[in-house]
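Trainee: So the protein sequences, as listed, match chains A and B.
So the working numbering is basically just the index in the first sequence, starting at one, shifted up by 45.
So the working numbering is basically just the index in the second sequence, starting at one, shifted up by 41.
For every residue, glycine included, the Cβ atom is placed at its ideal position computed from N, Cα and C.
Since we're looking at a predicted model, the values are computed, not measured.
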Amino acid sequence: MKTDRKELSENLEDYLETISSLSSESGSARPTDIAKAMSVKKPSVTAALNALAERGYVEYEKYKPVTLTKDGESIAKNVRRKHQLLSSFFTDVLGVEASEADIAACKMEHALKDGIMMKLVKFLKKTSTASCSGCPNKNCTCTAANCPHAVELSSLKRGEKAIVLDMSNKLGRQGTYAGMGLTIGSVVEIIRVAPLGDPVIIGVRGSEISMRKEQLDLIKVKKI
Amino acid sequence: MNKVRYKILLVGNPNSGKTTIFNSLAGLHAKVANYPGVTVSKKEGMFSVGNTEVEIEDLPGVYTLSASSAEEKITRDAILENSYDLIVNVVDSSNFERNLYLTMQIAEMRVPMIVVLNMTDELRKRGKTVDAAMLSNAIGVPVTKCVGYDAESAKKLRNFIVSNLDVCTLAHFHWDWLENNILSKKIELARDLLKANLPEEFADCSEWMAIRALENDEYVLSSIKSKAPLLYDAICGIAQSLETETGDNSETLVSAARYGIIDRICLPALKTVENPQYGRTRLIDSILLNKLLGIPIFLLLMFGIFEFVFELGDPLMGIMESLFGHIENLAAKYWPGEGAIKEFFIGGVINGVGTILVFLPNIILLFLALSILEDSGYMARAAFLCDRIMKRFGLSGSSIIPMLVGFGCSVPAIMGTRALKNPAERLTATMVIPLFSCGARFPVYVLLIPAFFPPNLRGTAMFCIYLAGISLAFICARILRSTTFRGNDSTFLIELPPYRLPRMKNISREVGFRTFGFLQKAGTLILGMSLILWLLSTYPKNTAAEVELTQKIEAVKSDTKMPLDMREHAISELESALVSSKFDHTFMGRISQFATPIFKPLGFDNKIVSSLIGALAAKEVFIAQLGMVYGNDNAEDDSSLRDKIAADYTPIQGASILLFILISAPCIATISTTYSETGSIKFALAQFFGLTALGYCICFIFYQCATFF
Chain A
46 MKTDRKELSE
56 NLEDYLETIS
66 SLSSESGSAR
76 PTDIAKAMSV
86 KKPSVTAALN
96 ALAERGYVEY
106 EKYKPVTLTK
116 DGESIAKNVR
126 RKHQLLSSFF
136 TDVLGVEASE
146 ADIAACKMEH
156 ALKDGIMMKL
166 VKFLKKTSTA
176 SCSGCPNKNC
186 TCTAANCPHA
196 VELSSLKRGE
206 KAIVLDMSNK
216 LGRQGTYAGM
226 GLTIGSVVEI
236 IRVAPLGDPV
246 IIGVRGSEIS
256 MRKEQLDLIK
266 VKKI
Chain B
42 MNKVRYKILL
52 VGNPNSGKTT
62 IFNSLAGLHA
72 KVANYPGVTV
82 SKKEGMFSVG
92 NTEVEIEDLP
102 GVYTLSASSA
112 EEKITRDAIL
122 ENSYDLIVNV
132 VDSSNFERNL
142 YLTMQIAEMR
152 VPMIVVLNMT
162 DELRKRGKTV
172 DAAMLSNAIG
182 VPVTKCVGYD
192 AESAKKLRNF
202 IVSNLDVCTL
212 AHFHWDWLEN
222 NILSKKIELA
232 RDLLKANLPE
242 EFADCSEWMA
252 IRALENDEYV
262 LSSIKSKAPL
272 LYDAICGIAQ
282 SLETETGDNS
292 ETLVSAARYG
302 IIDRICLPAL
312 KTVENPQYGR
322 TRLIDSILLN
332 KLLGIPIFLL
342 LMFGIFEFVF
352 ELGDPLMGIM
362 ESLFGHIENL
372 AAKYWPGEGA
382 IKEFFIGGVI
392 NGVGTILVFL
402 PNIILLFLAL
412 SILEDSGYMA
422 RAAFLCDRIM
432 KRFGLSGSSI
442 IPMLVGFGCS
452 VPAIMGTRAL
462 KNPAERLTAT
472 MVIPLFSCGA
482 RFPVYVLLIP
492 AFFPPNLRGT
502 AMFCIYLAGI
512 SLAFICARIL
522 RSTTFRGNDS
532 TFLIELPPYR
542 LPRMKNISRE
552 VGFRTFGFLQ
562 KAGTLILGMS
572 LILWLLSTYP
582 KNTAAEVELT
592 QKIEAVKSDT
602 KMPLDMREHA
612 ISELESALVS
622 SKFDHTFMGR
632 ISQFATPIFK
642 PLGFDNKIVS
652 SLIGALAAKE
662 VFIAQLGMVY
672 GNDNAEDDSS
682 LRDKIAADYT
692 PIQGASILLF
702 ILISAPCIAT
712 ISTTYSETGS
722 IKFALAQFFG
732 LTALGYCICF
742 IFYQCATFF
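Printed below as a string of structure tokens:
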């Protein structure tokens, strides 16, 4: 992103977050609503909005609802996602109570760098089963790689069908596989195993492609 | 009236029937060349409707435009170059969904295009049909149906293309069709950023660039980087935040989204109309890829192909040989006078052309067999069956076919490595193919083995020499793959196309193209090389000795007092002396004299060394050369030559010679082909000297050990 994140104080990030959630809830965000939601005085809201408008994150004129610019929206979203991520980490993994987790997440979200966040996402995908534990095996459309029903494609037997959840980067260029029909969300079927036991033919999107078992090991699927 | 010229590009998936359509459209107006720098053939043709002439370029079949292989790069560059009026995207309707992925990628580039739904008959057999009008509405470009091999259908297609030439139709696959999700937002963000910051002329393709950048496309990213480094950082930031927010690889997200759009927008156009006649391909596969039968059937098929090629090819080869013998004789007879030019023309040029053309019957037949295997869809199955074995040696299953062809002749085998998509693997296969004993080495084995081995061991010896070649080839491949030609040896990804009956028109066209390619590239090189060899083995002449010996022969011939058998004996001895004095004086003779001490530790003498040097032209020349050195003019008469060899050399020397013939110095035709296929003199020389050095070492060790014990 071309904007320099360091310029934005925690406080201003909070404002963006609030504006974003207010406008998605009630369609518009008036300074009074903002002041109420954040329990601050109105003049401080005006000051903050001026600062944000100066940096090009909001469009703000007196007596009109505040709207986020594209840049502002994207920062707000990022912060909100971090918030959700952190609070779900606290509740699901660490077992912290929800209200407590929310407060902690609110403080920590500003300090969470994108790099750390990505690692956290990956970690949660791997460990947490919470979000998917109630997933009925059949007809479930969830394609999260952390789904408890996910298995390696190589573990499937002939004739079994599955949906692709995750493809490892070790497979090489994902685009090459995609061109042959294999991406996340594709339905695959094991059609045949070679007489000598190795390459396997899988059916995907109407065509048959052949891959080695060691490649199938790197593809996570869920049986359907 | 003036003719109006247009140019179209044919783009489509492999096995989408693009070549059939090209052949139907272009008729006989087709020519084939190579794209510069790579051995991907470039097919061009043309047709005309009324006053409109349309040039067609048939681009290589690709699945994506991500430029990760030579074919993809060529196709993409051709589309980007923008020197055409229309792109004709051939879509295999029987594999509709997957084929549209490429359609979408082309559409993203904002180029004028139409879609041709090919093989609608095959789809019909599956009980389905595509609603062309609906598809056309959905993606915003003209769509037509076609059955590629049908003449009527081709005519309609020609008219359809011509009617769309001036209408600039841009496809619209809108990313905002994706629901309100993170990806489409990020694409939008990147697009606006690019639009605002890049020069005006990029405005149109800013969305394409944005998508490709998120897909991690090196070409687009590096071009952004070179134009605006700050912009590049910003775009990378967008890609990174996309990955952060979704936890998925951005490349995967984009491709999954494409299929999402295809599913939603295009699949409704695919309609089921009746019950399918199910799975011919699956049925055939259940036999041909059967757990027990699969491999025996494969071996049987390969054996069948060999029988077909060589049983049919050898007589044709014989005819070619005698034809050129006649031409040489005629030329010798009717060429006025004598002199260096005549000698050069007859001994060098005619002989050289003969060498190439003698190859031709076998090569054409092999190409024919290969084309049938490819077009029927069995080629991919062969790779599938053999991959497990080839994997051990760092190769993929696809390399089995060129290697097997190597038992026939290394030249088409090396040309056949084009089917290997991984460049490192292809080079490896090219390097080791000469180790498979080719057809030309067989007569040499037939001559030498009975001379050195008792009858009960002859079969075993023959088997061992073939086995030694195969084992060495695989060992070398393994070594090469783990040293010089490393890289992604764990991925194997091929499509198994449905079985289709090969069409004679396509096959004959393909064989024609390939044969022409052989003659044009390898052929000219082989001719040049054989001319050089001829010069080296003819000059300088030892005129004094020649005159003296010829006089002696004449003297003996006219000496009626001598008994007839004694006279004949004397003549043949003198003639043999004449031949060897001639040869010794030439560059080649000098080289072999110089080289003899080097080959001493291998158990070779002057005669063998000079025959080996002669065998550079072609392996079977070894016999002729040896016969010449022994003064045995009739090379066909093996037995007398064999007795002489048996008397002169020990079986250990014999085995050493056999090994050397097997391993060392591939013939000039092979080297020329390696050069023309790899496009690098370095690889050709590496193959020549590498194999020769390997042969030398093995024979050295073998001979020294065997004589020591």
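Under 8 Å between the Cβ atoms of N56 (chain B) and P443 (chain B)?
Mentor: Against a cut-off of 8 Å, the Cβ pair of P443 (chain B) and N56 (chain B) comes out as no contact.
Trainee: Alpha carbon to alpha carbon, what distance is there between A121 (chain A) and K227 (chain B)?
Mentor: Roughly 14 Å between the two C-alpha positions.
Trainee: Determine the chain A residues that contact Y419 (chain B) at a beta-carbon separation under 7 Å, and present them in chain order.
Mentor: Simply none; closest approach about 13 Å.
Trainee: Count the C-beta pairs between the stretch 232-244 of chain A and the stretch 126-137 of chain B that are closer than 8 Å, then say yes if the count reaches three, no if not.
Mentor: No: fewer than three Cβ pairs fall under 8 Å.
Trainee: What are the residues in the stretch 92-111 of chain A lying within 8 Å of chain B by C-beta distance?
Mentor: Under the 8 Å Cβ criterion, the stretch 92-111 of chain A contributes no residue.
Trainee: Spell out whether any CB of chain A is found under 8 Å from the CB atom of K197 (chain B).
Mentor: K197 (chain B) does not count as touching chain A.
Trainee: Less than 7 Å between C-beta atoms, sequence neighbours within five positions excluded: which residues of the same chain meet that for P642 (chain B)?
Mentor: Within the same chain, P642 (chain B) has close Cβ partners F741, Y744, Q745.
Trainee: List, in chain order, every chain A residue whose beta-carbon is nearer than 7 Å to that of N136 (chain B).
Mentor: Result: G251, S252.
Trainee: Identify the contact partners of L308 (chain B) in chain A, using a Cβ-Cβ distance below 7 Å as the criterion.
Mentor: Within chain A, no residue comes near L308 (chain B); the closest Cβ sits about 10 Å away, beyond 7 Å.
Trainee: Taking the beta carbon of T116 (chain B) as the centre, do at least 16 other beta carbons fall within 10 Å, making it buried, or is it exposed?
Mentor: So T116 (chain B) ends up on the buried side.
Trainee: Of all the beta strand (DSSP E) runs that stay within the bounds of the stretch 183-247 of chain A, which reach a length of 3 or more residues?
Mentor: Fully enclosed beta strand (DSSP E) runs of 3 or longer: 195-197, 206-212, 232-238.
Trainee: Look at the alpha carbon of I441 (chain B) and the alpha carbon of K598 (chain B), and state the distance between them as a whole number of angstroms.
Mentor: Going from the Cα of I441 (chain B) to the Cα of K598 (chain B) covers about 58 Å.
Trainee: In the DSSP assignment, find the beta strand (DSSP E) that holds N238 (chain B) and state where it starts and stops.
Mentor: It is not in any beta strand (DSSP E) - N238 (chain B) instead sits in the alpha helix (DSSP H) that spans 223-238.
Trainee: Opposite I254 (chain A) in the DSSP bridges: which residues?
Mentor: Partner(s): A:I247, B:E536.
Trainee: Does the beta-carbon distance from V650 (chain B) to A636 (chain B) come in below 8 Å?
Mentor: Yes. Within cutoff.
Trainee: Are there 16 or more other CB atoms within 10 angstroms of the CB of Y761 (chain B), so buried, or fewer, so exposed?
Mentor: No answer is possible for residue 761 (chain B): the residues shown for chain B start at 42 and end at 750.
Trainee: Opposite F88 (chain B) in the DSSP bridges: which residues?
Mentor: DSSP lists B:V95 as partners of F88 (chain B).
Trainee: Closest to A108 (chain B) by C-alpha separation, out of B:E292, B:G301, B:M456, B:D258, would be which residue?
Mentor: Nearest C-alpha to A108 (chain B): B:D258.
Trainee: Just mark A280 (chain B) as buried or exposed, buried being the case when its beta carbon has 16 or more other beta carbons within 10 Å.
Mentor: Classification for A280 (chain B): buried.
Trainee: Listing by chain order, which chain B residues have their CB less than 7 Å from the CB of R237 (chain A)?
Mentor: The answer, in chain order, is D326, L330.
Trainee: Could you tell me which chain B residues have their CB closer than 7 Å to the CB of D137 (chain A), listed as they occur along the chain?
Mentor: None at all; the shortest Cβ gap to chain B is about 15 Å.
Trainee: Could you tell me which chain A residues have their CB closer than 7 Å to the CB of Q281 (chain B), listed as they occur along the chain?
Mentor: Neighbours of Q281 (chain B) on chain A, chain order: D159.
Trainee: Decide yes or no for the touch test of the stretch 92-108 of chain A against the stretch 52-65 of chain A: beta carbon pairs closer than 8 Å, at least 3 of them.
Mentor: Output reads yes: the stretch 52-65 of chain A touches the stretch 92-108 of chain A.
Trainee: Could you spell out where the alpha helix (DSSP H) holding G117 (chain A) opens and where it closes?
Mentor: Unbroken alpha helix (DSSP H) run through G117 (chain A): 115-133.
Trainee: Using only the alpha-carbon positions, how far apart do K183 (chain A) and E197 (chain A) sit?
Mentor: Confidence in K183 (chain A) is poor, its pLDDT being 41 and thus under 50, which makes the residue's placement unreliable; the coordinate value appears in the next sentence. Approximately 17 Å between the Cα atoms of the pair.
Trainee: Around the Cβ of F526 (chain B), are there at least 16 other Cβ atoms within 10 angstroms (buried) or fewer (exposed)?
Mentor: Buried, by the Cβ-count rule.
Trainee: Taking only beta-carbon atoms, is K266 (chain B) less than 8 Å away from chain A?
Mentor: K266 (chain B) does not count as touching chain A.
Trainee: Quick check: what's the CA-CA separation for V233 (chain A) versus G335 (chain B)?
Mentor: Near 24 Å, if we compare the C-alpha coordinates of G335 (chain B) and V233 (chain A).
Trainee: Who are the neighbours of P76 (chain A) on chain B, taking C-beta pairs under 8 Å?
Mentor: Those within 8 Å of P76 (chain A) in chain B number zero; the least Cβ separation is about 27 Å.
Trainee: Please tell me whether S176 (chain A) has its Cβ less than 8 Å away from any Cβ of chain B.
Mentor: Unreliable positioning characterises S176 (chain A) in this predicted model, as indicated by a pLDDT of 45, which lies under 50. A coordinate reading is not provided.
Trainee: What separation, rounded to the nearest whole angstrom, lies between the Cα atoms of K186 (chain B) and E138 (chain B)?
Mentor: C-alpha separation (whole angstroms): 16 Å.
Trainee: What does the alpha-carbon distance come out to for the pair L574 (chain B) and A658 (chain B)?
Mentor: Their Cα atoms are separated by approximately 7 Å.
Trainee: Compare the C-alpha of G569 (chain B) against each of B:A734, B:D162, B:T714, B:K546 and name the closest.
Mentor: Nearest C-alpha to G569 (chain B): B:T714.
Trainee: Do we get a CB-CB distance below 8 Å when we pair T285 (chain B) with the residues of chain A?
Mentor: So yes, T285 (chain B) belongs to the interface.
Trainee: Span of the alpha helix (DSSP H) holding Y142 (chain B)?
Mentor: Taken as a continuous stretch (DSSP letters only), the alpha helix (DSSP H) holding Y142 (chain B) covers 137-149.
Trainee: Just reading off the beta strand (DSSP E) that D133 (chain B) is part of, what are its end residues?
Mentor: That run of the beta strand (DSSP E) goes 127-133.
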